[in-house]
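S.K.: Under my numbering, the very last position in the sequence shown is 1756; numbers go up by exactly one each time. Backbone N, C-alpha and C fix where the C-beta goes; we use that ideal spot for every residue, glycine too. Since this is a predicted model, take the numbers as computed values, not measurements. Quick one: structure below, then a few questions.
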Amino acid sequence: MKNILVTGGAGFIGSNYINHILKERDDYFIVNLDKLSYAGNLENLKESESNPRYKFVKGDITNSELVEYLFSKYEIKHVINFAAESHVDRSILGSEIFYRTNVIGTNVLLEVSRRFEVEKFVQISTDEVYGSLGPEGLFTEKTPLDPSSPYSSSKAGADIMALAFFHTYGMPVTVTRCSNNYGPFQFPEKLIPLMIINSLNNKNLPVYGDGLNVRDWIYVIDHNKAVDLVFEKGVPGQVYNIGASNEMTNINIIKLILQILGKPDSLIQYVKDRPGHDRRYAIDASKIENELGWKPSFNFETAIESTIKWYIDNKLWWDRIISGEYQKYYSLQYSVK
Ligand code: NAD
Ligand code: TYD
């Protein structure tokens, strides 16, 4: 049995990872440490909660005593660190918690992992650490880090800290840098779920700037399959880009959502641009494809339709979110400035 500490497993990508991997692997015992921030939701894990190979612990990755206690209690030998403050707009409204969780929290996990001599530590980073691309070119693992937002700079700090623990202490660290994910259980502050839910509610769809910023979209299960491959076969000290070669402008995504839902383009509302808005992200994933044999298996056209259907079928899930605390953030973020 592999005893794995998965952090942030109640969030979007982490919960999809746990639900998926418990079905795929019968030799994983997963301890999910999540502080249940606004973005953490145990409803995401309903299908896993009664699995004997799964244990949830509510707690903060910055709490080193708790992390140490979990390492000894569950004989943790592997860590996959998904936990993070993850939303760029929130990091612009206030950055402190981003550095606390993303930088200090990762440092706590690395230090405890070092003391307990973990066999594998996968740091879930992001392509946003590379900064912004112009109209041409792709991010490779050799692209210099040049993060632009408080969010991406905090992720870059964690990313290079993890690599420094490999170089300095020989810790078996791998780092993944994935592009923008979509799929079930994504918190509706992010572009795709926000636009789906606003369309369903006949609310305006706020497009930042000219709507021509480009993101490279990947279905969350494809990302998680890549994470598992890096966990199993990744070479210590290496970085792996993950992406599905699916670049789209924001406006084209929004128009596609409106079209699938049969809603009018008149819901589109251009609003003030995000400060420091990165223009384009695009991933060269040839390293993980050639060295680990990964390739994406979901096609965007069908996976976006099934994602939209998931939000239609799971109104209760997002209704609970948007009726509560999230409402305050929404009013602050989208109030006329
Ligand atoms: P999310 O915001 O949906 O989930 C984050 C989870 O971390 C939540 O469950 C939250 O409660 C938990 N968390 C936050 N602070 C914590 C703390 N101090 N201690 C313990 N738990 C804490 O984020 P996500 O979209 O699922 O992203 C997961 C990871 O993947 C992040 O590290 C993010 O940077 C990275 N990533 C995300 C994307 C994307 O498109 N969403 C792309 C590339 C990389
Ligand atoms: P987001 O989902 O926040 O991901 P990230 O900024 O981390 O890539 O945003 C994706 C793109 O959509 C980004 O270019 C900003 C844009 N966007 C809007 O135009 N309107 C919105 O309301 C949101 C949330 C994002």
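What I want to know is whether the C-beta of Asp1508 ends up closer than 7 Å to one or more non-hydrogen atoms of the ligand TYD.
M.R.: Yes.
S.K.: Report yes or no: do the stretch 1463 to 1477 and the stretch 1503 to 1510 share at least 3 C-beta pairs separated by less than 8 Å?
M.R.: Touching, no.
S.K.: Does the Cβ of Pro1625 lie closer than 7 Å to at least one heavy atom of the ligand FMN?
M.R.: With respect to small molecules bound, the structure shown includes the ligand NAD and the ligand TYD and not the ligand FMN.
S.K.: For His1696, report the span of its beta strand (DSSP E) as first-last.
M.R.: Taken as a continuous stretch (DSSP letters only), His1696 belongs to no beta strand (DSSP E), as it is neither H nor E.
S.K.: Please classify Glu1710: does DSSP put it in a helix, a strand, or coil?
M.R.: The answer is helix: DSSP assigns Glu1710 an H, G or I state.
S.K.: Which residue from Tyr1638, Lys1477, Leu1735 and Asp1692 puts its Cα closest to that of Asn1718?
M.R.: It is Tyr1638.
S.K.: So, Ile1740 versus Pro1563, is the Cβ gap smaller than 8 Å?
M.R.: No, Cβ-Cβ distance for Ile1740 and Pro1563 is not below 8 Å.
S.K.: Which residues does DSSP pair with Glu1547 in a beta bridge?
M.R.: Per DSSP, none; premise fails for Glu1547.
S.K.: For the beta strand (DSSP E) holding Val1450, just list the boundary residues, first then last.
M.R.: From DSSP, the beta strand (DSSP E) with Val1450 extends over Tyr1447 to Asp1453.
S.K.: Quick one: give me the first and last residue of the beta strand (DSSP E) that Thr1595 is part of.
M.R.: First-last of the beta strand (DSSP E) with Thr1595: Val1592 to Cys1597.
S.K.: From the beta carbon of Asp1508, is the nearest beta carbon of chain B less than 8 Å away?
M.R.: No chain B is part of this structure, which consists of one protein chain only.
S.K.: Leaving aside the five residues before and after Asn1617 along the sequence, list all residues of the same chain whose C-beta is less than 6 Å from its C-beta, in chain order.
M.R.: Here the set comprises Leu1624.
S.K.: For Phe1368, I'd like the list of residues in its chain whose CB is within less than 8 Å of its CB, leaving aside the five on either flank, ordered along the chain.
M.R.: Outside the shown range of the chain (1420 to 1756) lies residue 1368, about which nothing can therefore be said.
S.K.: So, using beta-carbon positions, are Ala1429 and Asn1460 closer together than 8 Å?
M.R.: Yes, these two residues count as a Cβ contact at 8 Å.
S.K.: So, with DSSP's three-state summary, where would you put Pro1540?
M.R.: It is Phe, not Pro, that sits at residue 1540 in the sequence shown. Phe1540 falls in the strand class under three-state DSSP.
S.K.: Taking just the CA atoms, how far does Gly1524 sit from Phe1517?
M.R.: If I take the Cα positions, the gap works out to 10 Å.
S.K.: Near Asp1479, which residues of its chain fall below 6 Å by C-beta distance, leaving aside the five closest residues on each side in sequence?
M.R.: Around Asp1479: Lys1454.
S.K.: Label Glu1744 either buried or exposed according to how many other C-beta atoms from any shown protein chain fall within 10 Å of its C-beta, with 16 as the threshold for buried.
M.R.: The residue is exposed, with fewer than 16 neighbouring Cβ atoms inside 10 Å.
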